[in-house]
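Written below as structure tokens is the structure these notes are about.
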Amino acid sequence: MTTKFLRNAFAIALAAGSLQAMAQFTQAPLPYASDALEPNIDKTTMEIHYGRHHKAYIDNLNKAVAGKPEEKLTPDALVKGITKETAPAVRNNGGGHWNHTFFWSIMGPGKGGAPKGALADAITKDFGSLDEFKKKFKEAGTTRFGSGWAWLIVKDKKLVVTSTPNQDNPLMPVADVQGAPILGVDVWEHAYYLKYQNKRPDYLDAFWNVVNWDKVAELYAAAMK
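Quick note, the sequence shown lines up with residues -23 to -1, 1 to 202 if you use mature numbering (1 follows the signal peptide of the UniProt record, and there is no 0).
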């Protein structure tokens, strides 16, 4: 065994150990199979979106916070502390990680339909009807120029539709409208272009077929406490 071999082996082990120590933020398993949301969201898009795009946000976030106080924060605490002075790599990748983790959680196979109970009552109260809410939400997603997200949030005990650019979200102090997200949809082209091409409105229409209203209702109840 040569000195050169030992030196290279040590360097590889050291690098692996550093990466392991650096991996504060991790990717939770997708809560359903990659083809489970077909035909509304296709398998290939899900595999690329979750396996490449989301993973890249996490990898880049871990690099950006390595050795800094932010690496010890939870994803929630991280995004809630983002200001205009926050490094772009932390803001963009931290938001990207939080947003995508949230996005996977509010969808599911065999979902769709309509909300029930307190959430349904609140939607009627604050928007007039479920159809009017969907219209406003779709408008927020369709008119978000470039890349970003559309959101349904709880703000001051009321439901509000808003949108954010890039990977910002309403938990961030930099958001134009702040509140607790209970529903969100990714309108970056990587979320829909393979299936819907430039037809973002069609993607937003299909989104309703996979919304997990039980999860949204759970988030609503928590936000109203």
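Note that CB positions come from ideal geometry on N, CA and C, so glycine has one too.
In or out: S140 buried (at least 16 other Cβ within 10 Å) or exposed?
-> buried
Determine, using beta-carbon pairs with one atom in the stretch 21 to 30 and one in the stretch 104 to 114, whether at least three such pairs fall under 8 Å.
-> no
Contact between the stretch 37 to 51 and the stretch 177 to 190 (3+ Cβ pairs under 8 Å) | no
Residue from V131, A152, A200 with nearest C-alpha to T60 | A152
Distance, L136 Cα to P100 Cα | Correcting the residue identity first, residue 100 is Ile in this sequence and not Pro. For I100 and L136, the distance between alpha carbons rounds to 7 Å.
Reducing DSSP to helix, strand and coil, say where K135 ends up.
-> strand
In the DSSP assignment, what residue or residues form a beta bridge with residue 208?
-> Residue 208 falls outside the range modelled here, since the chain spans only -23 to 202, and no answer is possible.
Nonlocal neighbours in the same chain, by C-beta distance under 7 Å from A(-3), ignoring five residues either side | Interpretation of A(-3) is limited by its pLDDT of 43, a score under 50 that renders its predicted location unreliable; no figure is taken from the coordinates.
DSSP state of M149, grouped into three classes?
-> coil
Answer yes or no: do T22 and L171 have a C-beta to C-beta separation smaller than 7 Å?
-> yes
In terms of residue numbering, what span does the alpha helix (DSSP H) encompassing L160 cover?
-> Run containing L160: none in the alpha helix (DSSP H); it sits in the beta strand (DSSP E), 157 to 163.
Compare the Cα-Cα distances from K132 to each of I35, D53, Y197 and report the closest residue.
-> Y197
Nearest CA to the CA of A200: which residue from K111, Q1, A95?
-> A95
Contact check, G87 vs W128, beta carbons under 7 Å | no
Excluding the 5 residues preceding and the 5 following F80 in the sequence, name in chain order all residues of the same chain whose CB lies nearer than 8 Å to its CB.
-> G161, V162, D163
Of the residues M84, D145, P158, which one's Cα is nearest the Cα of E15?
-> M84
So what does DSSP say about M201, is it helix, strand or coil?
-> coil
Could you check if E47 is buried or exposed, using at least 16 other CB atoms within 10 Å of its CB as the buried criterion?
-> buried
Residue range of the unbroken alpha helix (DSSP H) whose run includes L96 | 94 to 104
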